[in-house]
Amino acid sequence: PGRQELASIPEFVGKIMAGKNAQKTESFMIFARVEALIAGWGMEEALKRAKAYVDAGADGILIHSKEKTPNEIIEFTRKWNNYKNKPIIIVPTSYPSFSEEQMKKLGIKVVIYANQGLRAAVKGMNKILGQIRRSGINSINGKIASMAEIFELQGMTQMKNNEKKYLRTDKGDIKVIIPAAGDVSFEESFKEKDLLKDLPVTMLDINGKSILQRTVDNLNQLGIQDIAVVTGYKGEKIFNEGITKIENRDYKNTFDIDSIMMAYQEFSGKTLMIYSDMLFEKDIIEKLLRANDDIVLAIDSSYQQDKFPKKDLDLVMAKYPPIKGERVINVRNLNHVLKIGKNIPREDANYEFAGIAMFSQKGFKILKSEYEKLKKQEINKKIDLNFLLQTIIDQGRSVRGVEINGGWTEIKNFEDYRRACAFFNS
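Just so we're aligned: the sequence shown equals residues 404 to 829 in my numbering.
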């Protein structure tokens, strides 16, 4: 309260003239803020300063007042009388009764609502948090902005588009397809816990991050940005910045390969397929991308016949068995996959398919061609990725395996989920 010191008129005029001398385009404008009314210097001082600033080249005047009514501002604008046709800016924080229609009649051209947004946010946060406290988080659906809207306001979408457009790595152009349309909520251990009643498995939280988020993070760290997620069951609940969503509306009557084909586009680089219920180490992706073949699968040599007796495993019989021993170095680049499927006798299987595959442009064309042939034949069999790969193998085409030893897990039931959470908690 009371009279406050202000810079002298000559000093402030000098600053305005320096700014105008540095101005390179008319689109950049300099408005002089007049604090004389705020500082208790009176109306005549405010008018004197404002006119001096315009004479020095200011493009307009911001006149400020802390009065509870607009009377001071109204008096200023009338005495200003549109001096040299320069616009007036006001900040009506303390006198909100001043309507925009009144402002226009007085020649005011610009209004700054300096803190109304911030104050509205505080009010809104208090209201929403109170409702959460009383009724839980489900009660606020539809009353808050979506994460997609937040990312859009942050410019995240544009940033990711620029990354896809300009970011290049030594791995070349890589597209990722994540089939996430399936519904595993019926699995008994999940059903008992009611975990997946309203959630797809890829959005399960693993110590603070969803499975999908952990997958995207791993890929982004490798410089891989082009990620397509095929949704189905509870697809509206799948969200993650940096992904493209493709909807499989017929997910109840289709299989993984149908979702994979929905995401296929003619692509000159490599395509990675990663199942949506997987957690994995980045090394597995790097090994696959180094493989120089058309169709390459990650096959796990830690598979043991008695290790997962109750699991519905994707088994693999490869030409060369795993190298055994306490300390081994695997110098094989690739192994030949002879059989793949859930029905291979366990005593014949020597690996497990780890749910990640890599296709060259030629390899994906082979996959697509055989898929279309089988669909036309309308055979009475389940055409999933395993079946399609086995068909390709039976034709004498090469399907190779990159051998890994652990470094991944899948979430097929509640025990898997609990074990995965323990991994990331250690």
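Cβ coordinates follow ideal geometry from the N, Cα and C atoms, glycine included.
Determine whether the beta carbon atoms of residue i and residue j lie at a separation below 8 Å.
| i | j | result |
| --- | --- | --- |
| S864 | D697 | Beyond the ends of the chain as shown, which are 404 and 829, falls residue 864; an answer cannot be given. |
| N738 | E806 | yes |
| V514 | P495 | yes |
| I477 | F434 | no |
| A694 | T634 | no |
| L599 | A823 | no |
| L465 | R436 | yes |
| G463 | P490 | yes |
| K722 | L741 | yes |
| F554 | E650 | no |
| M506 | A459 | no |
| S705 | G809 | yes |
Am I right that residue i and residue j are in contact with their C-beta atoms under 8 Å? What's the rounded C-beta distance?
| i | j | result |
| --- | --- | --- |
| M550 | F642 | 6 Å |
| I609 | L622 | Contact flag wrong, Cβ pair sits at about 16 Å. |
| I743 | L792 | 5 Å |
| T480 | L509 | 4 Å |
| S763 | K648 | That belief does not hold up - the Cβ atoms of S763 and K648 are roughly 25 Å apart, past 8 Å. |
| Y667 | F767 | 7 Å |
| P473 | F501 | 4 Å |
| V579 | I627 | 6 Å |
| V457 | K418 | Between K418 and V457 the Cβ distance is about 14 Å, and since that is not below 8 Å, they are no contact. |
What separation, rounded to the nearest whole angstrom, lies between the Cα atoms of residue i and residue j?
| i | j | result |
| --- | --- | --- |
| E438 | E475 | 13 Å |
| L615 | G799 | 35 Å |
| K765 | K640 | 34 Å |
| E552 | N828 | 31 Å |
| L390 | A517 | The chain is shown from 404 up to 829; residue 390 falls before or after that span and cannot be answered. |
| I511 | M446 | 17 Å |
| V699 | P748 | 22 Å |
| I660 | D787 | 5 Å |
| V525 | E773 | 58 Å |
| I577 | I663 | 15 Å |
| I535 | Y636 | 27 Å |
| E755 | L718 | 5 Å |
| K451 | A548 | 47 Å |
| W483 | G558 | 41 Å |
| N544 | S613 | 20 Å |
| M761 | L770 | 11 Å |
| I581 | L777 | 22 Å |
| I796 | N656 | 26 Å |
| D715 | S671 | 35 Å |
| N424 | R617 | 52 Å |
| M562 | K546 | 27 Å |
| I677 | V619 | 11 Å |
| R735 | Q780 | 38 Å |
| G638 | E503 | 45 Å |
| G539 | A461 | 54 Å |
| F415 | R537 | 54 Å |
| E429 | N485 | 21 Å |
Excluding the five sequence neighbours on either side, which residues of its own chain have a C-beta within less than 6 Å of the C-beta of residue i, listed in chain order?
| i | result |
| --- | --- |
| I441 | H467, K469 |
| I646 | I630, V632 |
| E362 | Within the shown structure, residues of the chain are numbered from 404 to 829, placing residue 362 beyond reach of any answer. |
| N564 | none |
| V587 | V604 |
Using a Cβ-Cβ cut-off of 7 Å (strictly less than) and excluding sequence neighbours within five positions of residue i, which residues of its own chain qualify?
| i | result |
| --- | --- |
| P724 | N753 |
| I814 | V604, L607, I614, D680, Y820, A823 |
| F658 | K785, I786, D787 |
| I346 | What is shown of the chain runs 404 to 829, which leaves residue 346 out entirely. |
| G443 | G405, R406, Q407 |
Residues in its own chain within less than 8 Å of residue i by CB, not counting five upstream and five downstream?
| i | result |
| --- | --- |
| W811 | M681, L682, F683, E684, I687, A701, D703, A757, G758, I759 |
| K471 | S497, Y498 |
Does the distance between the C-beta of residue i and the nearest non-hydrogen atom of the ligand COA fall short of 7 Å?
| i | result |
| --- | --- |
| A551 | Looking for the ligand COA in the displayed structure turns up nothing, as the structure carries no ligands at all. |
Should residue i be flagged as near chain C, meaning a C-beta pair shorter than 8 Å?
| i | result |
| --- | --- |
| A455 | Within the model displayed, chain C is absent; a lone protein chain is all it includes. |
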